[in-house]
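Trainee:
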Amino acid sequence: MTRLIIALAAGGAAIALARTPADTAPACAADNGGLTLPAGFCAAVVADNVGAARHLAVAPNGDLFVALLSNRGRSGGVAALHDADGDGTFEAVERFGGDSATGIALRGDALYVATPTAVLRYPMKAGALTPSGPPETIVTGLPQQIQHADKAIAFDDRGGLYINVGAPSNECQAQDRRAGVPGQDPCPLLETHGGIWRFDEKRTGQRQADGQRYATGMRQVVALAWHGTSLFAAMNGRDQLDTMWPAQFTAKDNAERPAENLYLVKDGSNFGWPYCYHDFVQNKLVVAPEYGGDGKKTERCAPFTGPVAAFPAHWAPVDLMFYTGRQFPQRYQGGAFLAFHGSWNRAPEQAGFNVTFQPFNGERPSGSYEVFADGFAGKAAPARSNDAVYRPDGVAQAPDGSIYIAESQKGRIWRVMYKGK
């Protein structure tokens, strides 16, 4: 079923445009598109082979804008998807841009897209899949770096645009990832990396020096979201405890202890990287071995802010969304969904590759996390992260309160719906 929208062209002539209703839902797949979901939920594959899909932005009419990573010969930019025949799946695809992208957001009549070194703003007309003109550059000249370059974006309600700048390092050694080598003290990278910067969302041509360093002590954050009155961020924790410090840590320690953390971020927050990391087993900040830690020392960590929630090591969070819909049961309302795509640095078995739900009460977690959507990796745990069948990288809410999940291996997108028990 479609509805008719009447628009005025130049000169006042009326044009009829067919648009799919925002609440059109697809039929659930018998196997949920390969996913395992809680009772009462089902899923359908609504797009395939889109590209290396990262974050998502959903238009009020149900169109979906997908940020694409450039990797393995695939181009970046944005894929814009439209349900042309009203069956709940996306048949119409338009592409624009070309740079590798992760962060993406619709704000009024504009689409913001974050590349590794810039944030662009495309002018968009309601119902259009492609921009109405060339993009403006909101932020430019962010540091060029080989690792941890991807950018996420979030907006407050006061004109603030928040961007992560990852640390091009594991633990701030003068030469990165060298066994037994101490970290630089103080860490010089923290001047321009390893944190979150706040910019003016309307002003064009800003450079990093024009922004405010809002928070620091974060290795790499590609999962940002504004919730209530605060910014939240999920961080990818440190790697290689065992191979960098084999006399002190085993592969099991590395697989279990350096947690992936969810932070409530305030102006001036310092979360301790590279000097300390959060130990998932002990549930506390401990001093990193590069700075004299032995897995137990905590003294240096006292000034730093800990996480509001912690998740298993090397799950690798890539996106964060707070649920504001009404389709899902009440217990999900106000809670956070996190997309974890798994990490190369986990032995003896890979883990992650899921979308996890963290319940919240206001701005604080109200219970333990639970895996919401699973089955992405395949029937068996992959030997390497890139051997996973799918790696979830994006999660976003549809107009009717269902959610979309995107992944980067094959460019598949699912829609997850609640049908009741």
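One point on numbering: in my numbering, the residue at position 159 of the sequence shown is 268, and numbering is uninterrupted. C-beta: ideal position from N, C-alpha, C; glycine also.
Ignoring anything shorter than 3 residues or poking outside the stretch 348-388, list the beta strand (DSSP E) runs there in chain order.
Mentor: With a minimum length of 3 residues, the continuous beta strand (DSSP E) runs that stay inside the stretch 348-388 are 369-374 and 385-388.
Trainee: In whole angstroms, what separates the C-alpha of Val175 from that of Ala162?
Mentor: Their backbone Cα atoms lie some 6 Å apart in a straight line.
Trainee: Would you call the stretch 352-366 in contact with the stretch 299-306, where contact means no fewer than 3 C-beta pairs closer than 8 Å?
Mentor: These segments do not touch.
Trainee: Please confirm if the stretch 219-237 is in contact with the stretch 252-268, defined as three or more CB-CB distances below 8 Å between the two stretches.
Mentor: Contact between the stretch 219-237 and the stretch 252-268 is present, because at least three Cβ pairs lie under 8 Å.
Trainee: Given 8 Å as the limit, is there contact between the stretch 324-338 and the stretch 275-282, that is, 3 or more CB pairs closer than that?
Mentor: As far as the Cβ criterion goes, the stretch 324-338 touches the stretch 275-282, which means the pair count is three or higher.
Trainee: When you compare only the Cα positions, how much space is there between Ile522 and His164?
Mentor: Computed Cα separation, rounded: 11 Å.
Trainee: Please name the residue or residues paired with Val222 in a DSSP beta bridge.
Mentor: Val222 is bridged to Ile213 and Leu229.
Trainee: Would Lys260 be called buried (16 or more neighbouring beta carbons within 10 Å of its own) or exposed?
Mentor: Buried: at least 16 other Cβ atoms inside 10 Å.
Trainee: Within the same chain, show all residues whose beta-carbon is closer than 7 Å to that of Ser511, passing over the 5 residues directly before and after it, in chain order.
Mentor: These residues qualify, in order along the chain: Ala134, Gln436, Arg524, Val525 and Met526.
Trainee: Bridge partners of Glu516, per DSSP?
Mentor: Its beta-bridge partners are Pro501.
Trainee: Consult DSSP for Arg521 and reduce its assignment to one of helix, strand or coil.
Mentor: Here Arg521 sits in coil by DSSP.
Trainee: Have a look at Gln442, Lys393 and Asn273 and flag the residue whose alpha-carbon is nearest the alpha-carbon of Val427.
Mentor: Cα-wise, what sits closest to Val427 is Asn273.
Trainee: Tell me, please, whether the stretch 338-352 touches the stretch 290-298 by the rule of three or more beta-carbon pairs shorter than 8 Å.
Mentor: In short, these stretches do not touch, since the Cβ pair count stays below three.
Trainee: Between the Cα of Lys519 and the Cα atoms of Asp502, Ala448, Ala227 and Lys393, which residue gives the shortest distance?
Mentor: The candidate whose alpha carbon is nearest that of Lys519 is Asp502.
Trainee: Can you tell me the Cα-Cα spacing of Pro130 and Pro147, whole angstroms?
Mentor: At Pro130 the pLDDT is 47, less than 50, meaning the model places this residue with poor confidence; the figure from the coordinates comes in the next sentence. If I take the Cα positions, the gap works out to 27 Å.
Trainee: Verify whether the separation of the beta carbon atoms of Thr145 and Gly484 is less than 9 Å.
Mentor: Taking 9 Å as the Cβ cut-off, Thr145 and Gly484 qualify as a contacting pair.
Trainee: Does Ala118 pass the burial test, meaning 16 or more other C-beta atoms within 10 Å, or should it be called exposed?
Mentor: Because Ala118 sits at a pLDDT of 32, beneath the cut-off of 50, its placement in the model cannot be relied upon, and the point is left open.
Trainee: Please go through the stretch 310-354 and give each complete alpha helix (DSSP H) segment of 4 or more residues, from N-terminal end onward.
Mentor: Segments of the alpha helix (DSSP H) lying fully in the stretch 310-354: 350-353.
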